[in-house]
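**Q**
In mature numbering (1 follows the signal peptide of the UniProt record, and there is no 0), the protein residues as written are -33 to -1, 1 to 733.
#1: Can you grab the Cα-Cα spacing for the pair residue 703 / residue 573, in whole Å?
#2: Between which two residues does the beta strand (DSSP E) containing residue 562 stretch?
#3: Is the region 113 to 128 touching the region 697 to 711 in the sense that three or more CB pairs, one from each, lie closer than 8 Å?
#4: DSSP state of residue 713, grouped into three classes?
#5: Compare the C-alpha of residue 257 against each of 304, 285 and 213 and name the closest.
#6: Closer than 8 Å is the cut-off here; do at least three beta carbon pairs connect the region 77 to 90 with the region 26 to 35?
#7: Relative to the alpha-carbon of residue 297, which residue among 287, 288, 310 and 282 has its alpha-carbon at the smallest distance?
#8: For residue 2, which beta-bridge partners are listed by DSSP?
#9: Would you please state the rounded distance, in angstroms, between the beta carbons of residue 452 and residue 419? I believe it to be under 8 Å.
#10: Could you tell me whether the Cβ atoms of residue 236 and residue 253 are closer together than 8 Å?
#11: Of the residues 378, 414 and 402, which one's Cα is nearest the Cα of residue 427?
#12: Going along the chain, which unbroken runs of the beta strand (DSSP E) with 3 or more residues stay wholly within the region 626 to 676?
#13: In the DSSP assignment, the alpha helix (DSSP H) including residue 70 goes from what residue to what residue?
#14: Identify whether residue 489 lies in helix, strand or coil by the three-state DSSP scheme.
#15: Under the three-state reduction of DSSP, which class applies to residue 225: helix, strand or coil?
#16: Exposed or buried, residue 413, counting other C-beta atoms within 10 Å across all chains shown (16 or more means buried)?
#17: Give the secondary structure of residue 88 by DSSP, where H, G and I count as helix, E and B as strand, and everything else as coil.
#18: Compare the C-alpha of residue 735 against each of 226, 455 and 685 and name the closest.
#19: Using the DSSP secondary-structure output, state which residues sit across from residue 166 in a beta bridge.
#20: Could you tell me the alpha carbon to alpha carbon distance between residue 361 and residue 317, rounded to whole angstroms?
#21: How far does the alpha helix (DSSP H) with residue 57 in it reach, from first residue to last?
#22: Buried or exposed for residue 713, going by 16 or more other Cβ atoms inside 10 Å?
#23: Just to confirm before moving on: does the CB-CB distance between residue 372 and residue 359 stay below 8 Å?
#24: Which of the three DSSP states, helix, strand or coil, is assigned to residue 608?
#25: Which residue marks the beginning of the beta strand (DSSP E) containing residue 28, and which one marks its end?
#26: Taking 6 Å as the limit between beta carbons, can you name the residues of its chain near residue 28, skipping five residues before and five after?
#27: Expressed to the nearest angstrom, what Euclidean distance is found between the alpha-carbon atoms of residue 731 and residue 724?
#28: Okay, do the region 678 to 687 and the region 649 to 661 touch, 3+ Cβ pairs below 8 Å being the bar?
#29: Going by beta-carbon coordinates alone, are residue 357 and residue 389 separated by less than 8 Å?
#30: Thinking residue 339 and residue 266 are a contact (beta carbons under 8 Å), I'd like their distance in whole angstroms, please.
#31: To the nearest angstrom, how far is the alpha carbon of residue 192 from that of residue 393?
#32: Is residue 185 closer than 8 Å to residue 245 when the C-beta atoms are compared?
#33: Quick one: Cα of residue 622 to Cα of residue 632, how far?
#34: For residue 374, count neighbouring Cβ atoms within 10 angstroms of its own Cβ and tell me buried if that reaches 16, exposed if not.
#35: How would you call residue 152, buried or exposed, if buried means at least 16 neighbouring beta carbons within 10 angstroms?
#36: Could you tell me the alpha carbon to alpha carbon distance between residue 585 and residue 473, rounded to whole angstroms?
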């Protein structure tokens, strides 16, 4: 690694002392991916922008790509990325760089550009101060750049821009070892906790395994919910009352692969209402039924485990909300043989074009191999509907059985080796898919094999890779042994990578959701919300990176299995869960996703102030008092932080500290680490010169948290909320005798809030 001033100065180099971790990674061998080069010849803004495509994106936040008419501020071209006084810019690497090169400088001697480069554990790798009279080149070579996560450029001055220009990046890719060993950790970066909380409002209980919710045109007060065991319910969205519209349980296969109380992926899996439902009363279901009838798409050389059936039904009075479905009106449109019990997909939805889209998995088993799977793998075989999304016209009749139509613009009509019904293929188990009601985009979540869960934007004719790819990684079916992923060594431009993905360090089975276009969870408006079967809820950021959703009234986690999501006629979203993860029992629940309550948001701010100044959670009385004060002051923190910074508790514990110790103490209590040397010097100068008080510095530190630091704040907040709630309910006691114990527990919270919660529950001090 070197950085060098390149104008009016001799070149010099700076060599980094490499950590064993970095050396170990280099010894495993690397190959080089495509490069990204930019001189920022476009217009950006402070909300950020993204360069590249997953998994090799660069996400810019803060600063602005712009031109201000001063040519000395552009290393080339007439634009650069500029950070205004007092602001901080960040570049996050989705994949660590193999090589990275760029140039920095200050606009004036009073600018104060400070560059930091940090690794995935937030360790400081390099720190450089920009100068005003020359460009400084930063160049990380392959032996220096492993594990780099973030570049941070701060403008600590009061005049002029800190500038970065002419950036070139090449992503690091692991090269498979000669014996073809799998990647043990395909995506090293963990999913951070988002900072926009939502609240779960219970709507309905005592279901079995609710897995999907939709709306019937003309029924504005009801969410229509499918239960995997065969029931269709009309749930009133404000009262929570439920009306049974239809019970299909007698027509389904017997659920429970290993008997009662066991797992199964079959059942009632999909429901969609005809766009003209108000006049024709028609709706459609996707069910798993015994293979007793002739299939429209039979298996070759294998016996069907069951059939996936798309059926049309009629409601006799569609203008009356919650009218029952005529059980004798069933008209099967499609029968598809399924070789195994799993990977049915199951979602059906009408698009903006009024065509019905049907999601089908690859047929089951593992690795897209075995009985009922072609030599290509069903995902890559366009002569089978399995592993595809189909598109049909429910009002047409030119399909293979005359019960449905083939749209004239389906992508494979002229391909003899493809089914006319296929819209997109290369999918393993798309569970689930939905249309963005604003943009019309079709988004499908595809459950992975052993490593990668993915989100795809579905295009006409698109090949999404399975089983050549799992996510953006190369997939090896591995004969009779478990398949695995490795970096791509055989590029294929015909395959479409996911827009986002995560590995099995974070979950085991993605559950697709919806783009949030409603008003009840507006803090995440426009975001795609989804989950994982294990009980975590996520959203995509504007850069298509993944954040975990912070659930305000479940700070310790959901502790339920996520089975599906729902969207009502107004765009309000719902979460479907149960505690067993199976189609048995009566623990099924439906929650409405809502904004975190205002008082709760104030309470979270108060908790953060307690953590920053005292290193501990708020006591219930203090939390209530200061949250009320904050509400009365319309969220203005000034008076509150002044009190905390001069309080008896703060003075007794930290009054003897000098300025550097006080700042380090803030970092320790907020981030569980001391300040890095650059940050310490920066804040110490502001504090000792009187430009900022310690209270103001605390807010600046909290507001400027990024990456791993932001995750740690969210984790500490979860532990603090859990502790305060437990004290308030009488489960724990809290007094001056045990403050030191909870302070030590809070200081130890870093990667996972559960460690702090376990420490609280395991302590005898409370």
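Even glycine gets a Cβ: it sits at the ideal position worked out from N, Cα and C.
**A** According to the structure data:
#1: Your numbering for residue 703 matches position 736 in the chain shown. Your numbering for residue 573 matches position 606 in the chain shown. Distance between the alpha carbons of residue 703 and residue 573: 19 Å.
#2: Residue 562 sits at position 595 when you count from the first residue of the chain shown. Unbroken beta strand (DSSP E) run through residue 562: 555 to 562.
#3: When Cβ pairs closer than 8 Å are counted between the two stretches, the region 697 to 711 is seen not to touch the region 113 to 128, the count staying below three.
#4: Here residue 713 is taken as the residue at index 746 of the chain shown, counted from 1. Taken through DSSP and simplified to helix, strand or coil, residue 713 comes out as helix.
#5: Translated into positions along the chain shown, residue 257 becomes position 290. In terms of Cα proximity to residue 257, the closest of 304, 285 and 213 is 304.
#6: Contact between the region 77 to 90 and the region 26 to 35 is absent, because fewer than three Cβ pairs lie under 8 Å.
#7: Numbered from its first residue, the chain shown carries residue 297 at position 330. If you compare the alpha carbons of 287, 288, 310 and 282 with that of residue 297, the shortest gap goes to 282.
#8: Residue mapping note: residue 2 aligns to position 35 of the chain shown, counting from 1. By DSSP's assignment, residue 2 forms a beta bridge with 137.
#9: As a working mapping, residue 452 is identified with position 485 in the chain shown. As a working mapping, residue 419 is identified with position 452 in the chain shown. That pair is a contact at about 6 Å.
#10: Along the chain shown, read from residue 1 onward, the residue named residue 236 stands at position 269. Along the chain shown, read from residue 1 onward, the residue named residue 253 stands at position 286. Yes, these two residues count as a Cβ contact at 8 Å.
#11: If you number the chain shown from 1, residue 427 lands on position 460. It is 378 whose Cα lies nearest to the Cα of residue 427.
#12: Positions of the beta strand (DSSP E) runs, each at least 3 residues long and wholly inside the region 626 to 676, cannot be given because no such run exists.
#13: The count along the chain shown starts at 1 and reaches residue 70 at position 103. No alpha helix (DSSP H) holds residue 70; the beta strand (DSSP E) holding it covers 64 to 73.
#14: In the chain shown, the residue the question calls residue 489 occupies position 522. If DSSP states are grouped into helix, strand and coil, residue 489 belongs with the helices.
#15: The sequence position of residue 225 within the chain shown is 258, counting from 1. Residue state, collapsed to three classes: coil.
#16: Numbered from 1 along the chain shown, position 446 holds the residue referred to as residue 413. It is buried - the Cβ of residue 413 has at least 16 other Cβ atoms within 10 Å.
#17: Position 121 of the chain shown, counted from the first residue, corresponds to residue 88. If DSSP states are grouped into helix, strand and coil, residue 88 belongs with coil.
#18: Any property of residue 735 remains undetermined from this structure, which presents the chain solely from -33 to 733.
#19: Position 199 of the chain shown, counted from the start, is the residue given in the question as residue 166. Its beta-bridge partners are 561.
#20: Here residue 361 corresponds to residue number 394 of the chain shown, with the count starting at 1. Here residue 317 corresponds to residue number 350 of the chain shown, with the count starting at 1. Rounded to whole angstroms, residue 361 to residue 317 spans 10 Å at the Cα level.
#21: Against the chain shown, residue 57 aligns to sequence position 90. Segment 55 to 60 is the beta strand (DSSP E) holding residue 57; no alpha helix (DSSP H) there.
#22: Translated into positions along the chain shown, residue 713 becomes position 746. Buried: at least 16 other Cβ atoms inside 10 Å.
#23: The sequence position of residue 372 within the chain shown is 405, counting from 1. The sequence position of residue 359 within the chain shown is 392, counting from 1. With contacts defined by Cβ atoms closer than 8 Å, residue 372 and residue 359 form a contacting pair.
#24: The count along the chain shown starts at 1 and reaches residue 608 at position 641. Note: residue 608 maps to helix in three-state DSSP.
#25: As a position in the chain shown, residue 28 is number 61, starting the count at 1. Per DSSP, residue 28 belongs to the beta strand (DSSP E) from 25 to 28.
#26: Against the chain shown, residue 28 aligns to sequence position 61. Once the five neighbours on either side are set aside, the close Cβ partners of residue 28 are 15 and 57.
#27: Taking the chain shown and counting its residues from 1, one reaches residue 731 at position 764. Taking the chain shown and counting its residues from 1, one reaches residue 724 at position 757. It is roughly 13 Å from the alpha-carbon of residue 731 to the alpha-carbon of residue 724.
#28: In short, these stretches do not touch, since the Cβ pair count stays below three.
#29: Counting from 1 along the chain shown, the entry for residue 357 is found at position 390. Counting from 1 along the chain shown, the entry for residue 389 is found at position 422. Their beta carbons are under 8 Å apart, which means residue 357 touches residue 389 by this criterion.
#30: As a first step, residue 339 must be located in the chain shown, where it is residue number 372. As a first step, residue 266 must be located in the chain shown, where it is residue number 299. That pair is a contact at about 5 Å.
#31: The count along the chain shown starts at 1 and reaches residue 192 at position 225. The count along the chain shown starts at 1 and reaches residue 393 at position 426. Approximately 29 Å, taken between the alpha carbons.
#32: Counting from 1 along the chain shown, the entry for residue 245 is found at position 278. Counting from 1 along the chain shown, the entry for residue 185 is found at position 218. Remark: C-beta atoms of residue 245 and residue 185 approach each other more closely than 8 Å.
#33: Working through the chain shown from its first residue, we reach residue 622 at position 655. Working through the chain shown from its first residue, we reach residue 632 at position 665. Answer to the nearest angstrom: the Cα atoms are 12 Å apart.
#34: As a working note, residue 374 is residue 407 in the chain shown. The residue is buried, with at least 16 neighbouring Cβ atoms inside 10 Å.
#35: Here residue 152 refers to the residue found at position 185 of the chain shown. By the neighbour-count criterion, in which 16 or more other beta carbons inside 10 Å mark a residue as buried, residue 152 falls on the exposed side.
#36: Counting from 1 along the chain shown, the entry for residue 585 is found at position 618. Counting from 1 along the chain shown, the entry for residue 473 is found at position 506. Computed Cα separation, rounded: 30 Å.
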